[in-house]
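Residues in the sequence shown are numbered consecutively from 747, following the working numbering.
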Amino acid sequence: MDIKNSVILITGANRGIGKAYAEAFLKEGAKKIYLGVRNSDSVKEFVAENPDVLVPLKFDVTNHEDLQNATQVAQDVNILINNAGILFFDDFSSSDLQENARKQMEVNYFAPLAITQKFAPILKKNGGVLITVSSIVGHVTMPAINSYCASKYAVQSMILAARAQFKPQGVRVMGVYPGPIDTDMATDLPMEKFPPSAVAEQTLKAIKDGTTEDVFTDAFSQETYAAFRQDPKAVEERMLMLDAADEAA
Ligand SMILES: NC(=O)c1ccc[n+]([C@@H]2O[C@H](COP(=O)([O-])OP(=O)(O)OC[C@H]3O[C@@H](n4cnc5c(N)ncnc54)[C@H](OP(=O)(O)O)[C@@H]3O)[C@@H](O)[C@H]2O)c1
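Right under this line is the structure:
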């Protein structure tokens, strides 16, 4: 796929993995990059560096008017990245478990679901690629981020359903599964973290190779997924151990 002629829309593009995607597509010479952001000021300086390519787009992914507006403005998109997300630490002893679960489902599942539904005709028209940033915990559960994992399991189902429906219509549907990545989201995660640029690099590599649909972006996610495929029960045990180690830290 030719990234140079591509028009990309990234949600949550002002920081973390979303910004790393924008930087990587810029480096590849993309034609236009819509930066989906809640607050345009958050990308003012970034846009000023490349005003011909970077286009800020007000896009709270939970806001239906913003979504409606995005589908009208970004009719030329051929690579859509569902990236915006939130994470809360919780387990069954947390008083806010249910509230957290609902908030994360809104941003991490219902929003990409709605965006995918609304943008599917555009991607179909433009022969596009739909990319959704899930997580390795969309495959395996870490008990210390109980409700976050549930939202990523939900989005995994959405990715597979979208692939089944849109692939025959010429839309490539990719899932991205990072391990721990060094962004604001993972500040309180006491694990070795990988740079957000690695997520972007691995995704772009997969876009270019034309066949990879599932992108495991780093050593942690690659090893964990390989172990999961071999012995899911052993990985379940390993995740419990990981939490116990975190509590001890
Ligand atoms: N970091 C990790 O270890 C890790 C691992 C696996 C998967 N992921 C996934 O990677 C994606 C990006 O995460 P990150 O690590 O880059 O997190 P981050 O640094 O916390 O950035 C989150 C981004 O999402 C945006 N966002 C949150 N709620 C939004 C909403 N309602 N509407 C629009 N934008 C919203 C934020 O915008 P504001 O600045 O306006 O808040 C920000 O741009 C998420 O889907 C996350 O679940 C992250």
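The beta-carbon is built from N, C-alpha and C at its ideal position, and this holds for glycine as well.
Where residue i falls, given that 16 or more other Cβ within 10 Å makes a residue buried
i: Ala995; result: Summary for Ala995: the model assigns pLDDT 49, below 50, so the residue's position carries little reliability; its value from the coordinates is reported in the next sentence. It is exposed - the Cβ of Ala995 has fewer than 16 other Cβ atoms within 10 Å.
i: Gln850; result: buried
i: Leu906; result: exposed
i: Leu986; result: exposed
i: Ala980; result: exposed
i: His885; result: buried
i: Gln821; result: exposed
i: Gln915; result: exposed
i: Ala857; result: buried
i: Thr949; result: buried
Element boundaries [alpha helix (DSSP H), containing residue i]
i: Ile827; result: Not the alpha helix (DSSP H): Ile827 falls in the beta strand (DSSP E), residues Ile825 to Asn828.
i: Lys939; result: Unbroken run through Lys939: none, as it is neither H nor E.
i: Gly762; result: Gly762 to Lys773
i: His810; result: His810 to Val819
i: Glu795; result: Lys790 to Glu795
Nearest residue (CA-CA) to residue i, options the options
i: Ile825; options: Tyr767, Val783, Asn854 and Ala857; result: Tyr767
i: Phe838; options: Met747, Leu755 and Ser893; result: Ser893
i: Thr887; options: Thr933, Asn809, Arg984 and Gln814; result: Arg984
i: Asp996; options: Phe805, Lys804 and Gly775; result: In the structure as shown, the chain begins at 747 and stops at 995. Residue 996 is therefore absent and cannot be evaluated.
i: Phe865; options: Val789, Val919, Gly762 and Asp977; result: Val919
i: Leu690; options: Gln948, Lys913, Asn846 and Glu947; result: The displayed coordinates of the chain run from 747 to 995. Any statement about residue 690 would go beyond what the structure contains.
i: Val853; options: Lys870, Asn872, Asp842 and Val879; result: Val879
i: Leu859; options: His810, Val819, Arg975 and Met937; result: His810
i: Ala890; options: Glu845, Phe834, Asp842 and Asn872; result: Phe834
i: Ala973; options: Val823, Asp812, Ile882 and Ile756; result: Ile882
i: Tyr899; options: Ala932, Pro936, Glu969 and Ala847; result: Ala847
i: Asp934; options: Asp836, Lys790 and Glu845; result: Asp836
C-beta contact flag for residue i and residue j at 9 Å
i: Val901; j: Thr963; result: no
i: Lys765; j: Pro942; result: yes
i: Ser786; j: Tyr855; result: no
i: Asn829; j: Gly758; result: yes
i: Val753; j: Lys778; result: yes
i: Ala952; j: Thr958; result: yes
i: Leu988; j: Val917; result: no
i: Ala816; j: Leu803; result: yes
i: Ile832; j: Ala946; result: no
i: Leu772; j: Val823; result: no
Near ligand 2: residue i beta-carbon under 8 Å from a heavy atom
i: Ala944; result: For the structure depicted, ligand 2 is absent and the ligand set comprises only ligand 1.
Residue i: first and last residue of the uninterrupted beta strand (DSSP E) it sits in
i: Gly921; result: Arg918 to Tyr923
i: Asp960; result: Asp960 to Phe962
Opposing strand residues paired with residue i [DSSP bridges]
i: Val875; result: Ile825 and Arg918
i: Tyr780; result: Leu755 and Val801
i: Ile891; result: Asp836
i: Ile927; result: Phe940
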